[in-house]
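Chemist: When we follow this note's numbering, the leftmost residue of the sequence shown carries the number 741, and every step to the right adds one.
Beta carbons are placed, not taken as given, at the ideal position from N, Cα and C, and that holds for glycine.
Shown below is the structure under consideration.
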Amino acid sequence: MTNSNSLKHFLMIFLYMSLILAQVISADINLITSTCQHTPNPNLCISTYKSDPGSFKADLIGLSVIGSKMISKGASSTKATINSLMSSAGKKGDQELIKSLKCSDNHYTYIVKYFVPELMEAVTKGNPKFGQDALRDIGIEADNTPKCFSKSSPIYGQNKFIQDFSPVVKAIVQMLL
Numbered sequence: 741m742t743n744s745n746s747l748k749h750f751l752m753i754f755l756y757m758s759l760i761l762a763q764v765i766s767a768d769i770n771l772i773t774s775t776c777q778h779t780p781n782p783n784l785c786i787s788t789y790k791s792d793p794g795s796f797k798a799d800l801i802g803l804s805v806i807g808s809k810m811i812s813k814g815a816s817s818t819k820a821t822i823n824s825l826m827s828s829a830g831k832k833g834d835q836e837l838i839k840s841l842k843c844s845d846n847h848y849t850y851i852v853k854y855f856v857p858e859l860m861e862a863v864t865k866g867n868p869k870f871g872q873d874a875l876r877d878i879g880i881e882a883d884n885t886p887k888c889f890s891k892s893s894p895i896y897g898q899n900k901f902i903q904d905f906s907p908v909v910k911a912i913v914q915m916l917l
C-alpha cells in the first residue's frame, strides 16, 4: 500500500507542478503576444521573440534588451557578410559589386560602430528616448542600403531583417517611455 500511496502522491505533485509551469509559460507567451500586437509587424515580432528562449521569462524591459541584442547580432552578421563578399568580389575583379558593397559597408559601419552601441547603452541604462533615436537611425541606414545596388543585393535577406525588425524594437522601446 505504501508504494501505491507514494506513487499517487508523486503523480499529484507532478500534475500540480505541470499545471503551474503551464500557467507561467502561458503568461510569458501572452506578454510577448500582447506586446507584439502593438508593433508595426506583429507576426515578425512574435516569431522572432519566440525564437529566443530568454524572451519567455522577460518583462518589457527585458524584451527591449533582447530585441536590441538581436539587432546588434544581425547588423554585425550583415557587416561580416559584406566584408566576405567584398573579398570574393575583389578576387573576381567585379568592380561594380565591390562599389555596391563598399556603399553598403559604409551604412553598416554606422549601424555597428555608432548606433548599436548607443542603442545598447540606452536600453541597458534605462534611457528609452535615446534607444528610439538609435533605432530610427539604424532603420534609416538599413533602408538606404538597397540603394547601393543597381542589381539584386546579395545581402537582401539580412538587410531586410534589420529594416523590418528595427521598427518593431523601436515600438517596444517606446512602450517604456
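Would you report the Cα separation of T864 and G833, rounded to the nearest angstrom?
Modeler: Those two C-alpha atoms are separated by around 44 Å.
Chemist: In terms of residue numbering, what span does the alpha helix (DSSP H) encompassing N884 cover?
Modeler: 868-884 is the span of the alpha helix (DSSP H), which, as asked, contains N884.
Chemist: Taking only runs of the alpha helix (DSSP H) that begin and end inside the stretch 789-863, which ones reach a length of at least 4 residues, in chain order?
Modeler: The stretch 789-863 contains these whole alpha helix (DSSP H) runs: 800-832, 835-850.
Chemist: Determine the DSSP secondary structure at N984, reduced to helix, strand or coil.
Modeler: Residue 984 cannot be examined here, being either before or after the span of the chain that is shown, 741 to 917.
Chemist: Mind checking which residues open and close the alpha helix (DSSP H) that includes I902?
Modeler: Run containing I902: 896-914, per the alpha helix (DSSP H) assignment.
Chemist: Please check the pair V908 and T779, which I expect to be a contact at CB under 8 Å, by giving their CB distance rounded to whole angstroms.
Modeler: Between T779 and V908 the Cβ distance is about 5 Å, and since that is below 8 Å, they are a contact.
Chemist: State yes or no: is the C-beta of V856 within less than 8 Å of the C-beta of I912?
Modeler: Taking 8 Å as the Cβ cut-off, V856 and I912 do not qualify as a contacting pair.
Chemist: With 16 as the cutoff for other CB atoms within 10 Å, does K853 come out buried or exposed?
Modeler: So K853 counts as exposed.
Chemist: For A798, I'd like the list of residues in its chain whose CB is within less than 7 Å of its CB, leaving aside the five on either flank, ordered along the chain.
Modeler: I806.
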